[in-house]
Each structure stands twice: as structure tokens, then as C-alpha cells.
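This report concerns only the one structure given below.
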Amino acid sequence: MILTYDTTLKTKKQVTFIPQEKIDWFQAICSQAFGQPAVVLDTNVARIIERFFGIEGERVKSRCKILWQAAETVAPDTQVGLWNLTLLDFGAKVCTARNPRCSECPIPERCNWYKSILNANK
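Residues 3 to 124 (this note's numbering) make up the sequence shown, in order.
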């Protein structure tokens, strides 16, 4: 399969031919290959956002407007591709679904989920 891309497309709203469940792939391509400010919201990134900000997303994270808004709000204005890769790796290696390694997190004191664990252990 060969994917051609019109670099004038700036947002996922302009792309109606991509199924919702593939938007992450499209966003990743936009940010990595074309340097566009397109955030990725996969399971790992959704988990980080939910835990860090104390947001509870919908069951299907990729369709949750609240999580998309949060992801787009916290993403930097530049180097979004690097941001995406960093969050993907961080969610896979540190802020894991089971047995998260909070001791390896650089900012646990700012994380709502970590704070709730500390409060529960008091």
C-alpha cells in the first residue's frame, strides 16, 4: 500500500477517509514525517493523561474528546513528533498499566494518581 499525503492538510478534521481507529497512525505520520503538530492518543498516552491530570476518559480512549483535548492542550508547539514518541515510550516503560514505576517518574509529585496512592497509604 502506498500512502500519498497532501501537505496542505493541517488537521484530522480535513481527512474524512481515515477510519477513527486509524487516526493515531495518521497523527503519528503527520508529526514524524511532516513535522506537523499532530498529537497521538494511544492507550499508553491516554493512561498517562488520565493518571497525571486525574481525568477519567471513556472506555474507548481513541474516541474520547476530553482526552483528545487534554492531549492537544499539553503538547508543545514544536517537536510534537518527539513529544509523541516520548509519551509512548514513557507509558510503555514507566507509567505502565500494571505495576507502574512511579519511582522512575521525573515528576511524581505533580501526578494526581501518585498523590492519590500516597494519600491512600497514610
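All C-beta atoms, glycine included, are put in the ideal place defined by N, C-alpha and C.
If you're wondering where the values come from, they're calculated on a predicted model, not measured in any experiment.
Practice item. Could you pull out every residue in the same chain whose Cβ sits closer than 6 Å to the Cβ of Gly-56, ignoring the five residues on either side in sequence? Key: Working through the sequence shown from its first residue, we reach residue 56 at position 54. Result list for Gly-56: Asn-114, in chain order.
Practice item. Assign Glu-74 to buried or exposed, taking buried as 16 or more other Cβ atoms, counted over all protein chains shown, within 10 Å of its Cβ. Key: To locate residue 74, count along the sequence shown from 1; it is residue 72. The residue is exposed, with fewer than 16 neighbouring Cβ atoms inside 10 Å.
Practice item. Would you kindly check if the distance between the Cβ of Asn-46 and the Cβ of Ala-77 is under 7 Å? Key: As a working mapping, residue 77 is identified with position 75 in the sequence shown. As a working mapping, residue 46 is identified with position 44 in the sequence shown. No, the pair does not count as a contact, with Cβ atoms beyond the cut-off.
Review point. What is the residue span of the alpha helix (DSSP H) that Arg-53 lies within?
Key: Residue mapping note: residue 53 aligns to position 51 of the sequence shown, counting from 1. Arg-53 -> alpha helix (DSSP H) spans 45 to 55.
Review point. With 16 as the cutoff for other CB atoms within 10 Å, does Asn-123 come out buried or exposed?
Key: Position 121 of the sequence shown, counting from 1, holds the residue named residue 123. The residue is exposed, with fewer than 16 neighbouring Cβ atoms inside 10 Å.
**Study point:** Spatial distance of Lys-79 from Pro-39 (CA atoms)
**Key:** The sequence position of residue 79 within the sequence shown is 77, counting from 1. The sequence position of residue 39 within the sequence shown is 37, counting from 1. According to the sequence as given, residue 79 is Asp; it is not Lys. So the two alpha carbons sit approximately 7 Å from each other.
Exercise for review: Express the C-alpha separation of Gln-29 and Met-3 in angstroms, rounding to a whole number.
Suggested key: Locating residue 3 in the sequence shown gives position 1, counting from the first residue. Locating residue 29 in the sequence shown gives position 27, counting from the first residue. Any reading at Met-3 is ruled out, since the residue's pLDDT is 38, under 50, leaving its predicted position unreliable.
Exercise for review: Classify Ile-4 as helix, strand or coil using the three-state DSSP reduction.
Suggested key: On the sequence shown, residue 4 is found 2 positions in, with the first residue counted as 1. At Ile-4 the pLDDT is 41, less than 50, meaning the model places this residue with poor confidence and gives no usable figure here.
Point to revise | Tyr-116 versus Leu-89 - alpha carbon distance | key: Walking along the sequence shown from the start, residue 116 turns up at place 114. Walking along the sequence shown from the start, residue 89 turns up at place 87. Approximately 17 Å between the Cα atoms of the pair.
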